Amino acid sequence: MNYKDDIIEQIYNILDGKIEKENIIVEKPKDRKMADYAIPCFSFSKILRKSPIVIAEELKDKIEGYEKVEVVNGYLNIFLKKKDTIKEIVKDIIEKKDSYGNKKTKNKNIVIEYSSPNIAKPFGVGHLRSTVIGEALKNISIKNGYNVITINYLGDYGTQFGKLIYAYLQWGNKDAMKENPIDELRRVYVKFHEEAEKNPSLDEEGRKWFKRLEDNDEYSLKLWTQFKEASLKEFEKTYNLLGINNFDSYTGEAYYKDKMQPVIDELEAKNLLEISEGATIVRLDDNIVPALIKRSDGGSLYVTRDLAAVFDRKNNYKFDKALYVVGNEQTLHFEQLKKIVEKMGYDFYNDICHINFGLVLQNGKKMSTRQGRSVKLHDVLVETIDLAYKYIDEKNPTLDNKDEIAQIVGVGAVIFNDLKNYRCNDIEFNIEDILRFEGNTGPYIQYTYARIMSLLEHKKNIKLDYEKLVINEYEWNIIFKLYEFNDAIEAAYENFDPSIIAKLLLDIAQDFNKMYANVKIISDDANNTEFVLSICEATSIIIKEGMRLLGIKVINKM
RNA sequence: GUCUUGGUAGCUCAGCAGGAUAGAGCAAUGCCCUUCUAAGGCAUCGGUCGGGAGUUCGAAUCUCUCCCAAGACACCA
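Heads up: the first sequence at position 226 corresponds to 489 in the numbering used here, and the numbers run straight through without jumps.
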């Protein structure tokens, strides 16, 4: 049962419906000793023309089904019946296992575009964010009952490839290309931008080569294909480490190259196009700068391709929502995209959602491949896994699958570090933070899980006698947190924010470890032991499932 | 310059559809493994919630204004 809803319902009825249900606020007090739920009655006094205390006193005697109801400073403080509540929640979780918290099927399709690394560039820590947030949102959306289609919209097209082809032809080294294609391509790309600083006419060369690529020039196409294949091979290593490799589609930007013209024609037919300074634009509202559809030389641009993509996806997947997990810096781009779709007369523009996230900064500034400032994700993962291995070797040297565990812990640390904070905040890239396995970290939660699994080996599955139990505050705190998992799943979807789940898991792990340190779990009292172990089991189910939603594995021993 | 985010403990961040003494982690200091995994727990230290004004019974939370930082702003994506 939902306690909050029940309390609201009761108060609504007691006050004869004079206070709207949405105005009855049920809070969770910061300090659980004050109450399990609290209702501030201040706002009722204007309508009922009585003091909050008088109202609270009236309500106090009429609310039924709870352990205790108190009035303090105008708050109505409600205490749940501990044993009944625990029994109900623990039983529910253990029965449902990892399906606990699953929401009803919505019969709606969600397309999520995420990860989207750029071909011919290293898979940098910047792309980690999109990858990891997108993956979590996929899991969270499915948990909430949506059908999900995932798209890895590879950055495999655009003027940058013209620049790259030109740069490779100018300064490229075939042997180096064979040896380590990504590094070689990065080298010439950085070189191009250095040279272009001195000699802006190089940009013109880049555009020329991209135009050739768009016009299906055989030589350009051959190089482009070579770059792309080498990159994908390289990315696969990183995806394998992260445990992410199941996109429904890998259609990159290039896929849309022959799908842009119909959209341009439609824009033309709807009289939305305009020529300005030689380029073709769509003029939007006064507060948004016009969107460039075609360059002066006829070449396509980012918006052009995204426009083609959004219609293609609407047709193919009949999406009810399209999520774009793309960084903050592209906010304007998506505003323009939505606005154009709206101007074209389609009302699904509202279903286009830019799931923005903060930048990965280095020394307070944006990382940039162009300026050679970027850190390879693969290197970071390897470093973290190595450190995890050292920990294991030191703390539990007899474990037999150390490599596997080190990988799960190391990768978990990296992913959790990214997901634990609100996604829109910028992150200062700090390898020390990632390499920390104590406190608010992924390994802390994984460790907690391993502890629980070790305890559960003592579980005998005997029938509990609830009458004999004495509940302590540690147990009670955990149960209440476990119960919040349901709400967290919905909130994480509604806000498209995985950190809501990450924070709850930290809370749960913390409460568990407090209990672990203060309560003797395996004791002579078989009934009580079994009871606490059932709480442990419920906790382990929530931690495992919550971590799975975040894209992180747990292990039984570490 | 315009627009968008953000400014909470030394550091990284929670809290923000207003509510009871502002919370974690890290760092620092001191405790706790003959007992269930010390990647843990406990304690101490640490804050005029960027400045100012307003709205109200009540503001870290809402409004305005100023300061600071980052990002975006026509032929990159």
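Every residue, glycine too, gets a C-beta built ideally from N, C-alpha and C.
Since we're looking at a predicted model, the values are computed, not measured.
Distance, residue j Cα to residue i Cα
i, j, result
"Ala-751", "Tyr-266", "16 Å"
"Phe-594", "Leu-600", "The amino acid occupying residue 594 in the given sequence is Thr; Phe does not appear at that position. Taking the straight line from one Cα to the other gives about 10 Å."
"Ala-298", "Ile-287", "17 Å"
"Asn-659", "Lys-665", "9 Å"
"Asp-569", "Lys-723", "58 Å"
"Asp-681", "Ala-651", "17 Å"
"Ile-507", "Ser-379", "13 Å"
"His-225", "Ile-678", "Residue 225 cannot be examined here, being either before or after the span of the chain that is shown, 264 to 821."
"Ile-734", "Thr-413", "45 Å"
"Tyr-587", "Phe-620", "10 Å"
"Leu-343", "Tyr-707", "30 Å"
"Leu-484", "Asn-415", "21 Å"
"Ala-542", "Met-523", "16 Å"
"Lys-726", "Asp-347", "16 Å"
"Trp-745", "Tyr-275", "In the sequence as displayed, the identity of residue 745 is Leu instead of Trp. In a straight line, the C-alpha of Leu-745 is about 27 Å away from that of Tyr-275."
"Gly-608", "Val-526", "13 Å"
"Asn-534", "Arg-392", "39 Å"
"Asn-776", "Leu-769", "10 Å"
"Leu-311", "Ile-282", "9 Å"
"Glu-351", "Asn-758", "29 Å"
"Leu-486", "Lys-437", "12 Å"
Proximity of residue i and residue j at Cβ, strictly below 8 Å
i, j, result
"Gly-675", "Gln-709", "yes"
"Lys-401", "Ile-375", "yes"
"Lys-602", "Ile-551", "yes"
"Phe-455", "Lys-426", "yes"
"Ala-399", "Leu-812", "yes"
"Ile-655", "Met-821", "yes"
"Ile-671", "Leu-662", "no"
"Phe-473", "Thr-422", "yes"
"Ile-356", "Ile-648", "no"
"Val-643", "Ile-694", "yes"
"Ile-318", "Tyr-329", "no"
"Glu-477", "Gly-389", "no"
"Lys-371", "Tyr-429", "no"
"Ile-277", "Leu-322", "yes"
"Ile-798", "Asp-774", "no"
"Asp-610", "Lys-584", "no"
"Ala-772", "Thr-711", "yes"
"Asn-703", "Lys-731", "no"
"Tyr-420", "Ala-517", "yes"
"Tyr-685", "Asp-760", "yes"
Inter-residue CB distance, residue i and residue j (contact presumed, cutoff 8 Å)
i, j, result
"Arg-449", "Lys-384", "6 Å"
"Lys-807", "Asp-361", "7 Å"
"Thr-501", "His-641", "5 Å"
"Ala-301", "Glu-285", "The pair is not a contact, with the Cβ atoms about 17 Å apart (cut-off 8 Å)."
"Lys-461", "Asn-407", "Not a contact, Cβ separation roughly 53 Å."
Residue i, DSSP secondary structure in three states
i, result
"Tyr-565", "helix"
"Ala-459", "helix"
"Pro-385", "coil"
"Asn-791", "helix"
"Thr-832", "Nothing can be reported for residue 832: it is not among the residues displayed for the chain, which extend from 264 to 821."
"Ala-554", "strand"
"Gly-418", "strand"
"Ile-818", "coil"
"Val-638", "coil"
"Lys-628", "strand"
"Leu-570", "helix"
"Tyr-222", "Outside the displayed span of the chain (264 to 821) sits residue 222, for which this structure offers no information."
"Asn-740", "helix"
"Leu-644", "helix"
Alpha helix (DSSP H) segment containing residue i, residue limits
i, result
"Glu-667", "665-682"
"His-596", "594-606"
"Val-334", "Segment 331-335 is the beta strand (DSSP E) holding Val-334; no alpha helix (DSSP H) there."
"Leu-586", "Per DSSP, Leu-586 belongs to no alpha helix (DSSP H); it is in the beta strand (DSSP E), 584-588."
"Tyr-519", "Looking at the DSSP string, Tyr-519 is not in any alpha helix (DSSP H), and its letter there is neither H nor E."
"Phe-775", "762-781"
Opening and closing residue of the beta strand (DSSP E) in which residue i lies
i, result
"Ile-615", "615-618"
"Ile-287", "Where Ile-287 is concerned, there is no enclosing beta strand (DSSP E), given that its DSSP letter is neither H nor E."
"Pro-660", "Pro-660 -> no beta strand (DSSP E), and no H or E assigned at all."
"Tyr-300", "300-303"
"Leu-339", "338-342"
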